[in-house]
Amino acid sequence: MSSETVVRVIVSGLLNGGVYALAAMGLTIQYGVARVLNLSHGEFIVVAAWLTWTFFTRLEINPLVSAAITAPFFLGIGFLIHRTVFTTLRKRAPSPAAFEGNSLLVAFGFLYVVQNIALLIWGGVPRAYYWLTGGVNILGVRFALNNVIALAVAVALGVAFFVFVNRSRLGKAIRAAVEDPATAGLMGININLVLPLVFGLGALMAGVAGVLLSMCYPISTFMGMNYTIIALVVVALGGLGSIPGGFIGGFILGIVGSIVGQLESTLTLSSFYALLMILLVARPKGLLGKS
Amino acid sequence: MDISKFTSRKFLSVAGFILAILAFLAIFPLYGSNSEVGVGVIILMYVILTVSWVMFSGSTGYMSLAVAGFFGIGQYVAAFLYPRDPGPLLPLPAVIIAGGLASFVFALVVGLVTLRLKGMYFAIFTFGFAVFLGSIMQYYELQIRGRRGINVFPISNQTAFYILIVVVVLTLLTAYLIRRSRLGLAMQSIGENEDAAAHMGVNTTMVKVMTFAISAFFMGVVGAIMAPKWQSVDYSSAFLLLYSFMPVLMAIFGGMRELYGPVIGAVIFAYTERTLRLQFPYYYMLAFGIALILIIIYLPGGLTGLVPTLKDKLGGVIARLRKGGQ
């Protein structure tokens, strides 16, 4: 392999990794805090991508502007979904383990609801729009400008979220809820507000990931499951509920995917799965997870 | 042997009921149209998948999402051993048993590997298992074999229907016997408190792996029957994720406390799926999602879980009416 190929594989892996990292961080906080393994995560990404496509092609709205519209919208949707569906489910569940199982199934129900609404609105044909496709030179290899912007936004949002969780008062409440939701509730943290909010933040990240994705790749209504799977692998890689684990894991997976894709592109998804299974068996709590 | 057990009123009525259903099923293909028998085949397929899912997950509490994986393995065994092109390599019954055995062996390996995983991690792993197999077969078909899909030597709807009835009976019998055996008790104790079960001397590893593999055997068997019925196998239809979730939904909808709960759930759901899905594909799947959400929130005990509640309420009403009458 020439050095140019190596640079291209690694940099494009990092560029994809940004979106993976965002998607995984969303999934990991939804599970880590709200205890919902959101199998419909990828569908939220798809809807955000389609919305961005619609805004761009119909109203000529810059994708970065539509990210600013989409993000609070998804936050609200996520908040509402948790407040109505998952809060009811949590109150009715006989045990936390039962809630986890049931919430996974309900999330699977949402997968069908969201996917089929998207099919009714946007149909099943993949589409793309072109924005800032001009090239940038990185270490002697040309990359599309939209890829680089997507990575920058992903990193900025990831860092901002990390700072928010570690520095703000609300972030402290979230971290307390990760450790032990029941005790956090007893310590005066309003669990019925924090959990829906965290779920909403997870949806927000899915929304932004979808916007960034639509800038670089064609959008297909059926691609949601792939991103859910990628996020699941990343989350298992970094440890369920670990925010930095999700962030770093996203980039690792991006590079792995890029290397495998270079060798045999049809095996990319299976390689992710092989990685997931090996990891689950070798380190059931994830690379950065606490045992 | 105490013969009065078999002449009691309850036993006779249950046995009579089962015989009546079997008699109906036996003559149904003779009178039903081909498409009606096709619907019957799908219903029986889901009954087996659901009952075998409940066999392991219902009592141990480990949520397996690997149904699609084992079902797909059975289909591919049929595709390799019962192909259309050179013609069948083995007689159909042997192929069906081979499909079950292949799933059984895979399940033993997966079970041994995933033993340490608890709760969600087990669900994620099994979920991944089906997708992994699907993408491996995608690679095999597109890159190695060079053509999507494998044609399978066809069997008629009628043949599939009769074979499936036999398998339904065997599956229900196995599930019933497991429930009544020490193995069933051991599984239940694992579901309630695994650590306590281990301390009481239950070999939890053996129990989990064995029942996981037995339930996978039946899933593989159905796969090997359905592939010749569908006449072809390809990577995307064989490992459809829906096959992992449908049995879970059907079992929850029917209720898992009694053995007939999953059967009822499977019959109702499979029937509505067959009749509505073709007419309104998007709306059907949308409604499926909403139904899944509502059932899990509002009907956690399933339909059969409602029976004791209704009995209590109705019983109360009847008692009051009687009192009022006196």
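Protein chains in written order, with the numbering used here: chain A, 862 to 1152; chain B, 961 to 1286. Note that beta-carbon positions come from the ideal geometry of N, C-alpha and C, so glycine has one too.
- In the three-state scheme derived from DSSP, where H, G and I count as helix and E and B as strand, PRO1043/B is classed as strand.
- CA-CA distance, THR1074/B to TYR892/A, rounds to 21 Å.
- Just so you know, the alpha carbons of ARG1036/A and ARG896/A end up roughly 13 Å apart.
- In this chain, the alpha helix (DSSP H) harbouring ARG969/B covers 969 to 991.
- Closest option to PRO1260/B, judged by alpha-carbon separation, among SER873/A, VAL880/A, PRO955/A, GLU865/A: PRO955/A.
- Excluding the 5 residues flanking it on each side, ALA1011/A has same chain C-beta neighbours closer than 8 Å at LEU876, GLY879, VAL880, LEU1073, LEU1074, MET1076, CYS1077, in chain order.
- Closer than 8 Å at the C-beta level to chain B, one finds no residue of the stretch 987 to 1007 of chain A.
- Going by C-alpha positions, LEU1049/B is about 6 Å away from TYR1042/B.
- Residue pairing by DSSP places ASN998/A opposite ARG1003/A in a beta bridge.
- Of the residues assessed, GLY995/A falls on the exposed side of the cut-off, its CB having fewer than 16 other CB atoms within 10 angstroms.
- Taken atom to atom, the span from the alpha-carbon of VAL1007/B to that of VAL1128/B is near 7 Å.
- A Cβ-Cβ separation of about 7 Å places ALA909/A in contact with ALA1067/A under the 8 Å criterion.
- Around PHE1083/A, the same chain offers no residue with a beta carbon nearer than 6 Å, after the five sequence neighbours per side are excluded.
- For PHE1229/B, no chain A residue has a C-beta closer than 9 Å to its own C-beta; the minimum C-beta separation is roughly 13 Å.
- Secondary structure within the stretch 1000 to 1068 of chain B: the alpha helix (DSSP H) runs of 4 or more consecutive residues, fully enclosed, are 1027 to 1041 (chain order).
- A direct Cα-to-Cα measurement between VAL974/B and PHE1133/A gives close to 51 Å.
- Here VAL894/A carries a coil assignment [DSSP, helix/strand/coil].
- Under DSSP, ILE1080/A forms a beta bridge with ARG988/A.
- Distance from the CA atom of LEU1136/A to the CA atom of TYR991/B, rounded to whole angstroms, is 52 Å.
- Bridge pairing for VAL1193/B: ILE1110/B [DSSP].
- For ASN977/A, the nearest CB of chain B lies under 8 Å from its own CB, placing it at the interface with that chain.
- Think of a sphere of 7 Å around the beta carbon of GLY962/A: the chain B residues whose beta carbon falls inside it are MET1023, in chain order.
- Take SER1012/B, set aside five residues on each side of it, and the residues of its chain with a beta-carbon closer than 7 Å to its own are THR1131, SER1175, PHE1178, MET1179, in chain order.
- Per DSSP, the continuous alpha helix (DSSP H) segment holding LYS952/A begins and ends at 948 to 953.
- In the DSSP annotation of this structure, the continuous segment of the alpha helix (DSSP H) that includes ILE1250/B starts and ends at 1241 to 1258.
- Taking every protein chain shown into account, the CB of ASN1163/B has fewer than 16 other CB atoms within 10 angstroms, so this residue is exposed.
- The alpha-carbon separation between VAL974/A and LEU1200/B amounts to approximately 17 Å.
- Taking C-beta separations shorter than 8 Å and ignoring five residues to either side along the sequence, the partners of VAL997/A in its chain run ARG1003, PHE1004, ALA1005, LEU1006, VAL1009, following chain order.
- Contact check for ALA1226/B and THR1086/B: beta-carbon distance about 20 Å, past the 8 Å limit, so the pair fails to qualify.
- By the CB criterion at 8 Å, ARG951/A and ILE1257/B fall outside the cutoff.
- For the stretch 1093 to 1125 of chain B, the set of positions with a beta-carbon nearer than 8 Å to some beta-carbon of chain A reads SER1095, ILE1096, GLN1098, TYR1099, LEU1102, GLN1103 in chain order.
- With at least 16 other beta carbons inside 10 angstroms of its own, LYS1189/B counts as buried.
- Those residues of the stretch 937 to 967 of chain A placed with their C-beta closer than 9 Å to a C-beta in chain B are VAL946, THR949, LEU950, ARG953, ALA954, PRO955, ALA958, ALA959, GLU961, GLY962, ASN963, SER964, LEU965, LEU966, VAL967, ordered along the chain.
- Between GLY1088/B and LYS1168/B, the C-beta gap is not smaller than 8 Å, which leaves the two residues out of contact.
- In the DSSP assignment, VAL1039/A falls within the unbroken alpha helix (DSSP H) covering 1030 to 1040.
- In the same chain as LEU1000/A, and ignoring 5 residues on each side of it, the C-beta atoms closer than 8 Å to its own belong to VAL868, VAL872, in chain order.
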